[in-house]
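Please read the structure below before turning to the comments.
In the UniProt record's numbering, the protein residues as written are 1 to 460.
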């Protein structure tokens with residue numbers, strides 16, 4: 001930090017607003033779980049800062065898994081290598097910030113303080129300072145910023161190059177990443193991590209016929225944390241036909257005796273489902289309804305999910321489920337609302353891939369729907385003056401315009417053949433296994449390794 005002139009030591013004035021500091025020590029591991037680095041970060045105690053006095057604006061880039069997964073899929077399809085670089089958030093500040101002397105500086109705390117010249121971890125405005133500097137340099141280097149996802153930058157020249165930025169991590173997708181690494185290292189303090197083997201907590205494995213993603217190391221850590229590493233595996237996320245109801249006062253008192261953090265436990269498996277474990281979506285949707293007042297039954301459901309986690313390896317598929325914010329009066333209306341949500345997501349994704357120059361044109365997207373009344377309504381073959389559908393919000397009718405423009409096309413698929421059925425309800429084990437197989441979810445030790453599975457798929 002001294003070499004980067006992050007701060008200067010000055011005499012303490014009684015009128016200064018001082019922000020505390022703390023040392024954060026971290027052990028960094030590679031994709032194999034081996035220790036590669038011991039890191040120490042001096043962090044400001046940003047929670048003591050006051051908006052409008054210590055800082056004005058904040059901004060933090062957070063990952064959109066749909067766009068990141070799409071870039072990875074594009075890289076796999078086009079044999080495009082991708083590398084990772086880590087940056088340091090030491091950028092100039094617009095505000096005046098004073099720090100208490102951190103532990104380790106041999107100076108009198110009652111006489112001296114630190115006048116911060118550049119941002120450090122923990123400051124509210126640090127991520128914004130880093131993003132502004134990075135964005136300015138990329139714009140000067142003829143990169144275009146994606147409007148639909150501010151994490152993505154792209155340059156479409158002789159060797160197209162895409163960047164995915166998450167906080168201080170940069171993932172580079174290109175066949176000629178070396179020249180970019182050289183240029184950015186001249187401007188920014190950058191550490192070259194090399195090929196992206198562990199990206200945002202997800203293990204990346206390059207195979208001859210594709211790319212696999214998994215968070216098995218995180219799942220194993222959960223099993224160890226809750227003492228379930230030797231548990232008996234089960235074949236379904238939750239027991240079939242199991243009901244989870246609000247608890248009584250007696251059941252709530254019984255749960256408190258367990259002395260466990262139910263909210264944290266559900267949050268941990270939700271982190272899995274947001275990225276790679278979409279097979280947990282229905283279980284999390286069900287169990288998260290009782291975060292405020294859980295019972296022993298709900299905790300048993302969580303432990304059942306942990307038993308299901310044993311022995312599974314997952315590839316990539318970006319899906320999600322959520323409860324509708326409004327009450328539907330019929331299954332047709334519920335399906336119609338869900339179809340509108342899906343259409344919005346598909347339109348966004350189509351515009352995103354065209355903006356980022358992944359594809360020049362987008363073919364009509366085929367959407368499978370198992371409700372024929374919903375298909376008739378979306379195609380305009382339904383009279384919305386009838387009492388069942390006349391109250392539907394007019395904003396939802398943009399779906400008909402999208403279909404008439406041939407952006408999407410609906411086809412009927414019976415429920416028994418619907419792959420995504422397991423996302424919203426508990427399904428029998430054979431149905432779940434078939435759906436997971438279609439989504440390239442592999443159970444280790446039962447169905448062989450990932451490479452053999454992909455080779456088999458290619459042969460088929």
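C-beta atoms are modelled at their ideal positions from N, C-alpha and C, and glycine is treated no differently.
Computed from a prediction, not measured in an experiment: that's the story for all the values here.
How is residue i classed by DSSP in three states: helix, strand or coil?
i: residue 353; result: helix
i: residue 124; result: coil
i: residue 8; result: strand
i: residue 296; result: helix
i: residue 226; result: coil
i: residue 49; result: coil
i: residue 301; result: helix
i: residue 14; result: coil
i: residue 91; result: coil
i: residue 430; result: helix
i: residue 210; result: strand
i: residue 59; result: coil
i: residue 418; result: coil
i: residue 112; result: strand
i: residue 145; result: strand
i: residue 200; result: coil
i: residue 321; result: With a pLDDT of 39 at residue 321, under the threshold of 50, the modelled position of this residue cannot be trusted; read the value that follows with caution. Note: residue 321 maps to coil in three-state DSSP.
i: residue 402; result: helix
i: residue 34; result: coil
i: residue 310; result: coil
i: residue 70; result: helix
i: residue 29; result: strand
i: residue 336; result: helix
i: residue 281; result: helix
i: residue 65; result: helix
Just the Cα atoms here: how many angstroms apart are residue i and residue j?
i: residue 424; j: residue 262; result: 22 angstroms
i: residue 6; j: residue 93; result: 10 angstroms
i: residue 274; j: residue 69; result: 12 angstroms
i: residue 257; j: residue 29; result: 36 angstroms
i: residue 47; j: residue 132; result: 22 angstroms
i: residue 259; j: residue 333; result: 42 angstroms
i: residue 205; j: residue 96; result: 45 angstroms
i: residue 375; j: residue 369; result: 7 angstroms
i: residue 431; j: residue 437; result: 10 angstroms
i: residue 11; j: residue 112; result: 5 angstroms
i: residue 78; j: residue 300; result: 45 angstroms
i: residue 166; j: residue 280; result: 25 angstroms
i: residue 106; j: residue 120; result: 20 angstroms
i: residue 419; j: residue 371; result: 14 angstroms
i: residue 161; j: residue 36; result: 29 angstroms
i: residue 139; j: residue 153; result: 9 angstroms
i: residue 110; j: residue 136; result: 40 angstroms
i: residue 245; j: residue 201; result: 34 angstroms
i: residue 232; j: residue 304; result: 10 angstroms
i: residue 14; j: residue 115; result: 14 angstroms
i: residue 180; j: residue 186; result: 10 angstroms
i: residue 310; j: residue 355; result: 40 angstroms
i: residue 249; j: residue 290; result: 14 angstroms
i: residue 220; j: residue 171; result: 26 angstroms
i: residue 278; j: residue 178; result: 35 angstroms
Could you please give me the residues that DSSP links to residue i through a beta bridge?
i: residue 186; result: Paired residues: none, contrary to the question.
i: residue 22; result: 43
i: residue 162; result: 154, 173
i: residue 380; result: Answer by DSSP bridge pairing: none, since residue 380 is not bridged.
i: residue 194; result: 84
i: residue 365; result: 408
i: residue 465; result: Nothing about residue 465 can be reported from this structure: the residues present for the chain run from 1 to 460 only.
i: residue 205; result: 212
Who are the near neighbours of residue i in its chain, counting only those whose CB is closer than 6 angstroms to its CB and skipping five residues on each side?
i: residue 295; result: 247, 251, 255
i: residue 320; result: Reliability of the predicted coordinates at residue 320 is poor, the pLDDT of 40 falling under 50, and the value obtained from them is presented with this limitation in mind. Nothing listed; no residue qualifies.
i: residue 176; result: 159
i: residue 229; result: 223
i: residue 409; result: 364, 366
i: residue 208; result: none
i: residue 342; result: none
Here's a check: name, in chain order, each residue in its chain whose Cβ is nearer than 7 angstroms to the Cβ of residue i, leaving out the five neighbours to either side.
i: residue 217; result: 33, 203
i: residue 429; result: 235, 236
i: residue 21; result: 42, 43, 44, 45, 99, 100, 102
i: residue 91; result: 118, 119, 129, 130, 133
i: residue 379; result: 403, 410
i: residue 156; result: 357
Identify, in the order they occur along the chain, each residue of the same chain with its Cβ nearer than 8 angstroms to the Cβ of residue i, setting aside the five sequence neighbours on each side.
i: residue 23; result: 40, 41, 42, 43, 102, 103, 104
i: residue 75; result: 81, 82, 173, 211
i: residue 55; result: 49, 95, 123, 124, 125
i: residue 8; result: 114, 115, 117
Inset, instruction - Specify whether the stretch 84 to 103 and the stretch 186 to 193 touch according to this definition: at least 3 beta carbon pairs, one from each stretch, less than 8 angstroms apart. - result: yes
Legend entry - Cβ pair count under 8 angstroms reaching 3, the stretch 334 to 354 against the stretch 142 to 156: yes
Inset, instruction - Could you tell me whether the stretch 56 to 71 touches the stretch 122 to 131, using the rule of 3 or more Cβ pairs below 8 angstroms? - result: yes
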